[in-house]
Amino acid sequence: MSTDDSPLSLLSKNIFKNRPMIIFLRNNRKLLGYLRAYDKHLNLILENVKELKPISNKKKQNIYNERFFSKLVLRGDSVILIIPI
Numbered sequence: 004m005s006t007d008d009s010p011l012s013l014l015s016k017n018i019f020k021n022r023p024m025i026i027f028l029r030n031n032r033k034l035l036g037y038l039r040a041y042d043k044h045l046n047l048i049l050e051n052v053k054e055l056k057p058i059s060n061k062k063k064q065n066i067y068n069e070r071f072f073s074k075l076v077l078r079g080d081s082v083i084l085i086i087p088i
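For this note's numbering, add 3 to where a residue sits in the sequence shown, where the first one is 1.
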């Protein structure tokens, strides 16, 4: 793997392109927002973030509670998956 294809360099490219990302977290929550900075521990600084938290219901439908954050600092140990959109 060359240095241009490393996971951290892909995050840098996403910051440069200013594209949104979906971030899956450990507690079954999802974040949709713009990455502004990160470090080697995958701590992230995000802007214009929408948090999607699943609500359990009896009909087994996908219903989410949404919250908005203008800026968010996310600890890296809760990140499972990052998908650039």
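From the three backbone atoms N, C-alpha and C, an ideal C-beta is built for every residue, glycine too.
Could you pull the DSSP bridge partners for residue i from this structure?
i: residue 68; result: 56
i: residue 48; result: 40, 76
i: residue 28; result: 82
Just confirm the distance between the C-beta atoms of residue i and residue j, as a whole number of angstroms; I'd bet it's less than 8 angstroms.
i: residue 82; j: residue 45; result: 5 angstroms
i: residue 47; j: residue 77; result: 4 angstroms
Are residue i and residue j touching if we call contact CB-CB under 8 angstroms?
i: residue 23; j: residue 37; result: yes
i: residue 27; j: residue 52; result: no
Is residue i helix, strand or coil by DSSP?
i: residue 33; result: strand
Please report the straight-line C-alpha distance between residue i and residue j, rounded to a whole angstrom.
i: residue 29; j: residue 20; result: 26 angstroms
i: residue 65; j: residue 86; result: 20 angstroms
i: residue 18; j: residue 84; result: 17 angstroms
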